[in-house]
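For reference, the structure discussed in these notes is given below.
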């Protein structure tokens, strides 16, 4: 058995998938799972598909600081102080919240409120392996990307690097698990079934994260929509090129030809094709009438969009093959 | 009882809804329903919810030309010759196909192939009551708009009139009934369930229809997506204004304040809100970071997007209250 | 305008459908809608499809006792005292809760706890028009049936009357709206999507109601299942006949031949066929290998299963045509 | 690499899952995939989630008879002659069709028509490992059970062995993939969405298979229902015990305590809990009012109901750990 890993906040959807993947991981050992309101219950009683027979514990800094690594699946704001506590004890952390994704404290506080551990911002590496593989391998604190940013950044990075991104409109579609497990009117089956609804128009917190990673002066219009399915995410990116664009497909083949978890395909991809996998599937099109580039990318919001990507990052942080434990 | 109306092609989804609405209409009499492969069967055996007990007949120009009006629910290309036959006998027609929507024969033939009755193009009125109410009232041939154009044109007409439409990206989402009743792999439940898939990227035939109605020089990028639900349509329109835009909401209130079937609302609408109604529901937003306008519009693709709008047009063509028979 | 009707508890699904139907009713006037937590909001803001522009009010015995009739859409137990208050003021009541469905107080208290207004039990008529049309017409307090009992009793009444009911197993399937609008883990989209789950096995409170209406000594095994759809209900009834059963179809044709809202059909019906209607659709089959009778019945749980049936009852109570306002 | 295996008929749902599992299997080598109408296409173009990059070939007895084993995913009737051909060449076969499931040729021909290779009936072993593990290990032809029989037999075998099965009613619910990939009106998304429909009432071909395995004189009423989801199956079994039943739970614990792929749980299971796994999950209840036993069992119809069970059988036939390649 290899390093011992704890998943904090394992009763939520993201934490549960992380626990499931780590429990069956050939190297890591899932040492603890924690939760607040469900402490005392076994994880597989709440999330049978994990088949993780561990009992959910209340978080205890001493007990849970004695592991080698932790995946922190806490809400934004609540994560920072716990991450700080774990880091002080030398635990390597993959944080699923937004707390350490934005390098700029001012930008963070504009979108999320006061930061709980600003001193750690400089240590955090943005955990998108396809862009920051080496930095992740050397990091002790990895800020796991948001689900939308994962898809959008992978869809647009080759264009960004080639300075082809002019005007960018992103229309995103996400399944309901992206909104979390807490019951609410907006997640009631009857509310979501047989409908599509835009939300947080012009104000979604993933916007600054996307712009940070795509590079300085890109401004995107990002609009998410809730669609009637459990998990899956598709982003439709409409790009007016900054200059004449030739050989665009080659940019993608170069960028992703050797990537194990990015597939560049010809036909527009659907969410089903990546369901419960760590794959991001991308297609590239040109609107011949307007010269606009259209890039689609799809991921499973709970896998590549969150928890399998966290495992990919853990693998890198501990010198393992980054695909270990992710085959499906 | 009022005028006698036939629905040709009533075994498909659109024809069935038209027949259902006309059968219960307080004024018109549903005289005939026709179908090719299902002739001899009662309509309510195929589409129980219509509760139309009429037997589907094979189309017979003589028999079905003896009515006052006809709704033609044939595929593109197949409609034109039948419409010509009916018009020769003086039957007033609402045609649900694309055959008479585009004023320009060249544009039609570029997207659809040879036209079967080009001599009638000059007679046809584009059947969007909110834009062409008076012309419809005087028309004998009405080209019922496509489902996507109905939503998009209603969403953008106030901006088009104010010459505010600069760059336009339209990301559309539609339920599966929009693809018709003919079985195919693409409409198999297992293909569509739990996924969203873009289709006809940069090449959907509704594009020229949208551009015709929005006015000469507007070029739109229009991309439809299939979503896992039976009927409903949402269009998300991203507009870079042609000039500084003030008082935009007022434009919509003026345009639609007296319209019985257009609702301008504050929150982004969902498809459920208009399901099985003749309503189009629109909301208007500004992305404060980019200055872009975002307009959402939702309709039921089989109702306002097709068949209840056909009844609205029939009401106008025969001098009735345009809302007759449409209350829900 | 006719009698003034209030809907108490209109923010829930059942209350909202009742308000929608009464608002568009050609005779009754929807005078008030009430709700606890949503008071002050317009009903169409919470339930856009109702298109009822009335503001939800807090219940006020004086104000809401000044109507001619009320539909009470309160939870079991909470309804009884309010119904008593309304009755004292002479208001005719259709109560959607279980509080007045069981004639026997002891049985009620065994399944639901103490009864809040036992003195009214003798006045209440069980509101299934197909069984108790005349009594309903003369009643001032009608206990609207539960959704499952509506389907089951209509499915089995002809057999019960002919004393053919031997052993009875009922396997019921219901959409999620049957569980109410209150958010919970069990109604979260992600919980319900892509699954079927039995619940309240051997202990559902609709059991005694079914047995009361089918007659003295019948004992049924009733097991409901939650299925991934918004509304609709199908009951599959497996009957071992008490004696040799001949001419069973004739029993159904006799029982329902003149009923406006019961359809006896040949093929097993699906929920779609009755969605958003007051219809109950029934089919009858024999298992040739075992001699068992299989009866399927489907309704929309929010319509014939609750609120359109409430309007059907109100029509009867006020001497109107029982189908008034129910056409779809 | 171990034995070379071909999957014949890999373009259908069952064949595709078998190919996916064998392609990633740590021991077997997926040597060929075949299909009729899709020959020449890569399997991952039709079924992306398989991520099997092999090209579909036309079946060629010589080429495909040169493997060690084959999974035959052909329709009933079409399988038998191909199985015979393969067996003549010494290929070990797991047949997914019904052609070799019924020991009695007469019963087969009553339900399916003439048998294409009756001489092999005596060689075939019914491939339910929990009942026939040893026979499977020694078999060269395994008849993989139907999906419904897998769930029903596992649900009822402990009661059958204890001779507790009196009267049995089985109400089954299945996702749409169970009906196959061929497009049809009945599998169109719009037909299946938001509804539940019983089918093949009193006449489903899985009935004799269930009765054969439960033992001589048991007669069951078996009624399947189509539910709106892609894959998953739940059977609700209502058993009137043949005699007083005590210690029933113990029978299940004994039967399945050591089984790796059967879980006996307390609460009624839902299909989600076993999705894309080889698990069968069972719960056992008593209706205290009628003394009836109610047993629920759920499986994924394409996994334990078909293709992962085929791999479980292959593992046994080649002396591997029966769970190899099935972890999820």
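Chains as they are written, first to last, in my numbering: chain P, 52 to 379; chain H, 52 to 379; chain R, 52 to 379; chain V, 52 to 379.
In this text, a Cβ means the ideal position worked out from N, Cα and C, and glycines have one as well.
Under the three-state reduction of DSSP output, residue 273 of chain H falls in the strand class.
In the displayed model, residue 292 of chain P falls within a strand according to three-state DSSP. Non-local C-beta neighbours of residue 171 of chain H in its own chain, meaning closer than 8 Å and more than five positions away in sequence, comprise 131, 134, 135, 138, 151, 192, ordered along the chain. Here DSSP, grouped into helix, strand and coil, assigns residue 85 of chain V to strand. Nearest to residue 250 of chain R by C-alpha distance, out of V/320, V/374, V/249, is V/320. For residue 75 of chain V, the neighbours in chain P by C-beta distance under 7 Å run, in chain order, 378. Residue 217 of chain H places its beta carbon less than 8 Å from that of residue 293 of chain H. Chain R has no Cβ within less than 8 Å of the Cβ of residue 319 of chain H. Looking from the CA of residue 144 of chain P, the closest CA among P/376, P/362, P/374, P/371 belongs to P/362. With respect to chain V, the C-beta atom of residue 99 of chain P has a partner C-beta closer than 8 Å.
When DSSP states are grouped into helix, strand and coil, residue 281 of chain V belongs to the coil group. Interface annotation, residue 360 of chain H: not in contact with chain R, CB-CB separation never under 8 Å. Nearest Cα to residue 299 of chain H within the set H/85, H/238, H/329, H/211: H/211. Within chain V, no residue has its beta carbon less than 9 Å from that of residue 185 of chain H; the closest one is some 36 Å off. The beta-bridge partner set that DSSP reports for residue 332 of chain H consists of H/314, H/349. DSSP places residue 325 of chain P in the helix class (H, G or I) of the three-state scheme. Interface with chain R (8 Å Cβ-Cβ cutoff): residue 238 of chain P is included. The Cβ of residue 232 of chain H sits closer than 8 Å to at least one Cβ of chain V.
Here residue 140 of chain H is exposed, its C-beta having fewer than 16 other C-beta atoms within 10 Å. Distance from the CA of residue 225 of chain V to the CA of residue 123 of chain R, rounded to the nearest whole angstrom, comes to 38 Å. Spanning the alpha carbons of residue 248 of chain P and residue 203 of chain R requires a straight line of approximately 36 Å.
Looking at the DSSP output, residue 223 of chain V shares a beta bridge with V/275, V/286. Proximity of the region 90 to 102 of chain H to the region 358 to 372 of chain P falls short of the contact definition, fewer than three beta-carbon pairs being nearer than 8 Å.
Within its own chain, the residues whose Cβ lies closer than 7 Å to the Cβ of residue 77 of chain V, once the five positions on either side in sequence are excluded, are 375, 376, listed in chain order.
With a beta-carbon spacing of about 5 Å, residue 223 of chain H and residue 199 of chain H fall inside the 8 Å limit used to define contacts. Here residue 248 of chain H carries a strand assignment [DSSP, helix/strand/coil]. Annotation for residue 59 of chain V: the continuous beta strand (DSSP E) segment containing it runs 55 to 59. At least one CB atom of chain R sits nearer than 8 Å to the CB of residue 339 of chain V. The beta carbon of residue 318 of chain R is closer than 7 Å to those of 334 in its chain, skipping five residues each way along the sequence. Any Cβ of chain R closer than 8 Å to the Cβ of residue 245 of chain H would place that residue at the interface, and such an atom is present.
Non-local C-beta neighbours of residue 379 of chain P in its own chain, meaning closer than 7 Å and more than five positions away in sequence, comprise 327, 328, ordered along the chain.
About 5 Å separates the CB atoms of residue 285 of chain R and residue 349 of chain R; that is less than 8 Å, so the two are in contact. Identification of residues in the region 286 to 300 of chain V having a C-beta nearer than 9 Å to some C-beta of chain R yields 287, 289, 291, given in sequence order. Around residue 281 of chain R, the beta-carbon contacts reaching into chain P at under 8 Å are 240, 241, 244, 245.
Residue 103 of chain H is positioned such that its CB atom lies closer than 8 Å to that of residue 95 of chain H.
Residue state for residue 110 of chain P is assigned as coil, using DSSP reduced to three classes.
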